[in-house]
Amino acid sequence: MISVKYFASLREHMGRAEDRVEAVHARNVAEVWATVARGVPWPVNMLAAVNHTYASAQQQVYDGDEVAFFPPVTGG
Amino acid sequence: MAIYVRDIAFDPWQVLARHQQGLGQCGRYGATACFVGTLRDFNQGEAVAAMTLEHYPGMTEKYLGAIRAEAMQRWPIIDALIVHRTGTVTPNDTVVLTAVWATHRAEAFAACRYLIEELKTRAPFWKHEQVGESARWVEHNTPG
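Residue numbers (our numbering), protein chains in the order written: chain X, 10 to 85; chain S, 131 to 274.
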């Protein structure tokens with residue numbers, strides 16, 4: 010199982026803070042997004058992380074991973 | 131510890147004084163540079179009543195630690211400190227503190243600037259502003 014988290018405005022757009030995806034349904038970050046977003050294209054400027062490290066859409070994912078999607082960061 | 135993510139208000143000058151007392155490096159550092167980020171009561175031409183800072187626990191600490199380690203490796207500095215608020219802040223509250231202790235000012239200034247600029251582009255924090263009766267997500271930081 011892959012744990013999926015959403016933050017900030019993206020969490021509001023999704024209407025939830027997290028999801029869980031069967032690892033067999035997603036081989037990479039883009040496929041995780043396609044699964045949880047149900048056809049909604051990858052939002053412009055959306056960032057992703059796998060296990061707390063920034064990741065590209067093409068990065069492979071594995072059972073037990075934590076994938077996060079969020080807008081550009083605005084700390085400081 | 132030199133990385134702190136705090137959900138309650140802090141006085142940056144007290145934190146600096148306390149951290150410096152605990153350094154145990156008396157006589158070694160000749161330069162201390164710091165940046166203190168404070169919440170303004172206006173943004174993009176509108177009055178800001180409050181702001182809530184959200185972050186990604188775990189990833190935040192990982193990136194703040196990495197940014198600090200990079201600064202320690204890149205410049206010959208003695209110590210570096212990062213403190214960042216989360217939760218709800220109001221105007222005049224401190225949002226962020228970065229500080230560097232070094233032998234000379236050149237590396238102190240450069241490393242301190244590196245800490246805040248890298249934090250702003252890589253650490254997973256997000257700002258949600260209360261403007262009048264409505265609220266909005268801050269979409270990007272202002273240029274340095």
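We put the beta carbon where it would ideally sit given N, CA and C, even for glycine.
Take the alpha-carbon of ARG47 of chain X and the one of ARG36 of chain X: they are about 16 Å apart. Looking at the DSSP output, VAL226 of chain S sits in a beta bridge with S:GLY167 and S:HIS214. With contact defined as three or more Cβ pairs closer than 8 Å, the region 221-231 of chain S and the region 166-182 of chain S are in contact. For the set S:THR233, S:ARG252 and S:THR162, the Cα lying nearest the Cα of GLY195 of chain S is the one of S:ARG252.
Residue pairing by DSSP puts ILE11 of chain X in a beta bridge opposite X:VAL30. Take the alpha-carbon of GLY85 of chain X and the one of VAL213 of chain S: they are about 10 Å apart.
Counting along the chain, no beta strand (DSSP E) covers PHE140 of chain S, and no H or E run does either. Contact of MET131 of chain S with chain X is not assigned, every C-beta pair being separated by 8 Å or more. At least 8 Å separates the beta-carbon of LEU153 of chain S from that of ARG198 of chain S. When DSSP states are grouped into helix, strand and coil, ALA180 of chain S belongs to the strand group. Residue range 38-46 is occupied by the alpha helix (DSSP H) that includes VAL41 of chain X, with no beta strand (DSSP E) assigned at that position. Within the same chain, and ignoring the five residues on either side of GLU237 of chain S in sequence, the residues whose Cβ sits closer than 8 Å to its Cβ are ALA161, TRP205, PRO206, ILE207 and VAL230. Pairing ALA177 of chain S with VAL261 of chain S gives a Cβ-Cβ distance under 8 Å. Two segments are said to touch when three or more pairs of C-beta atoms, one from each, lie closer than 8 Å; by this definition the region 72-82 of chain X touches the region 46-62 of chain X. When the five nearest sequence neighbours on each side are left out, the beta carbons in the same chain lying within less than 7 Å of the beta carbon of GLN68 of chain X are those of ASN37, VAL38 and VAL59, in order along the chain.
The DSSP-derived three-state label of VAL268 of chain S is coil. Taking 7 Å as the Cβ-Cβ cut-off, the region 44-67 of chain X approaches chain S at ALA58 and HIS61, given in chain order. In this structure VAL30 of chain X is in contact with VAL45 of chain X, their Cβ atoms being roughly 6 Å apart against a cut-off of 8 Å.
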